[in-house]
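First residue of the sequence shown? That's 3 in my numbering, and the numbers climb one at a time after it.
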Amino acid sequence: LASYGATLALLIISAKLGYFRPALVYDKFGEILSGMNIFALIFCTLLVVKGHLFPSSTDSGTTGNSIIDYYWGMELYPRILGFDVKQFTNCRFGMMYWAVGILCYAHKNMELNDQKLQLGMAVNVSLQLVYITKFFLWEMGYMCSMDIQHDRAGYYICWGCLVWVPSVYTSSSFYLAQHAPEISTSTGLTIFTLGLLMIWINYDADRQRYVFRRTNGNCIIWGKKPRRIVAEYTSGNTVRKSLLLLDGWWGVSRHFHYMPEILGSFFWSLPALNTGLVGPYFYVIFLTILLTDRAFRDDDRCSKKYGPYWKQYCEEVPYKIVPFVV
């Protein structure tokens with residue numbers, strides 16, 4: 003969080019003092035993206051070499067296929083010079099550029115509109131900054147996600163965070179920098195309010211699960227002590243226990259938090275209205291596919307891990323993401 007705050011403060015101060023023109027990032031984005039792509043491809047190659055010769059821990063392994071090793075990665079928690087590779091690529095680079103990039107695109111919008119920020123652009127950037135700030139406030143929660151705990155550091159994760167996140171996650175703002183339509187104050191406030199609500203629900207769902215796990219289920223959710231399933235699973239030769247939450251947002255669907263996350267991205271893209279068919283909404287489409295796939299992958303993993311306990315959980319909470327739909 004401190005790095006995030008310091009980065010944004012440095013960007014704003016340097017722009018105010020005239021040391022840096024943020025809109026330059028928009029103007030030179032093609033060159034920047036090419037540079038990030040070259041760096042990411044070389045970086046992923048070095049991770050494969052490191053996995054073979056200098057693994058950080060015993061979790062490193064090869065499939066015997068160099069292409070698969072390159073794509074999926076070899077190490078679960080690689081470190082270089084003491085730095086956590088996943089935290090660097092995912093948090094310090096990908097998420098940080100997301101915030102810096104959209105602020106630079108907002109500056110471009112001001113340059114094109116006599117130093118006035120269009121309302122649609124303001125709504126778009128503000129909602130994303132709220133979401134990104136929530137991410138950094140909740141960064142340790144992200145370290146317990148599937149990205150960190152189950153996906154190895156390879157092209158899939160690292161190239162995605164070094165290239166895909168900076169280009170695709172910021173795409174609605176990149177589009178609006180030059181193509182933001184004029185929207186009324188009431189429309190802007192409605193979109194902002196609904197987007198803020200979705201981000202809060204997403205946060206509250208994650209908070210409920212975090213508090214439930216931290217207190218071993220001895221907490222209050224929605225005014226009552228939550229129902230739970232005590233699931234047993236085997237790790238190595240040890241039988242362990244885990245609690246599955248059946249109440250709150252997690253009683254609505256098994257991966258409920260994906261729904262407000264998708265809707266949040268929809269609302270911060272909505273200031274584009276119908277001015278572009280795919281461009282400003284590409285991230286929403288991508289995120290829907292990504293999280294739907296992740297929900298099925300996570301369900302499959304949990305089914306293998308918890309066995310009959312997961313079957314019982316699915317009977318109690320029958321929907322994966324959207325009630326009565328999927």
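Glycine included, C-beta positions come from ideal geometry on N, C-alpha and C.
Query: Can you list the alpha helix (DSSP H) stretches of 4 or more residues lying completely in the stretch 71-121, in chain order?; Result: 98-114
Query: Quick check on the burial criterion: 16 or more other C-beta atoms within 10 angstroms. Buried or exposed for Phe56?; Result: exposed
Query: For Ala297, which of Lys306, Phe284, Tyr311, Val328 has the nearest alpha-carbon?; Result: Val328
Query: Hey, quick one: how far does the alpha helix (DSSP H) through Val232 stretch, first residue to last?; Result: Segment 230-237 is the beta strand (DSSP E) holding Val232; no alpha helix (DSSP H) there.
Query: Would you mind reading off the limits of the beta strand (DSSP E) that contains Arg303?; Result: Here Arg303 belongs to no beta strand (DSSP E); instead the alpha helix (DSSP H) covers 284-308.
Query: Pairs of beta-carbons, one from the stretch 154-170 and one from the stretch 62-74, closer than 8 Å: are there three or more?; Result: yes
Query: I need the DSSP call for Ile185, collapsed to helix, strand or coil.; Result: coil
Query: Between Gly266 and Tyr212, how many whole angstroms is the CB-CB distance? I'm expecting something under 8 Å.; Result: So it is not a contact: roughly 19 Å between Cβ atoms.
Query: Applying the 10 Å Cβ sphere with the 16-neighbour rule, what's the burial state of Arg256?; Result: buried
Query: Locate the alpha helix (DSSP H) running through Leu19, then write down its first and last residues.; Result: Unbroken run through Leu19: none, as it is neither H nor E.
Query: Hey, would you say Gly122 sits closer than 9 Å to Ala182, going by beta carbons?; Result: yes
Query: When DSSP builds the beta bridges, which residues end up paired with Trp246?; Result: The amino acid occupying residue 246 in the given sequence is Leu; Trp does not appear at that position. Note: Leu246 sits in a beta bridge opposite Ile231.
Query: What number of angstroms, rounded off, separates the C-alpha of Leu164 from the C-alpha of Phe31?; Result: 14 Å
Query: Classify Thr91 as buried or exposed, calling it buried when 16 or more other Cβ atoms lie within 10 Å of its own Cβ.; Result: buried
Query: According to DSSP, Val27 sits in a beta bridge with which residue or residues?; Result: DSSP, once it has assigned bridges, lists no residue as partnering Val27.
Query: Got a sec? Which residues, its chain only, sit under 6 Å from Ser305 by beta carbon, not counting five neighbours each side?; Result: Trp312
Query: Quickly, what does DSSP pair Ile201 with across the bridge? List them, please.; Result: DSSP output for Ile201 lists no bridge partner at all.
Query: Taking Lys243 as the reference, give the member of Gly253, Gly250, Arg230 with the closest Cα.; Result: Arg230
Query: What are the complete alpha helix (DSSP H) segments, minimum 4 residues, inside the stretch 135-165?; Result: 141-144, 148-151
Query: Excluding the 5 residues flanking Pro282 on each side, which residues of the same chain have their C-beta closer than 6 Å to its C-beta?; Result: Ser174, Tyr177, Ser271, Ala274
Query: Where do the ends of the alpha helix (DSSP H) carrying Phe268 lie?; Result: 260-271
Query: Only counting the same chain, and skipping five residues up and downstream in sequence, which positions put a Cβ closer than 8 Å to that of Leu293?; Result: His257, Tyr260, Glu263, Ile264, Ile323
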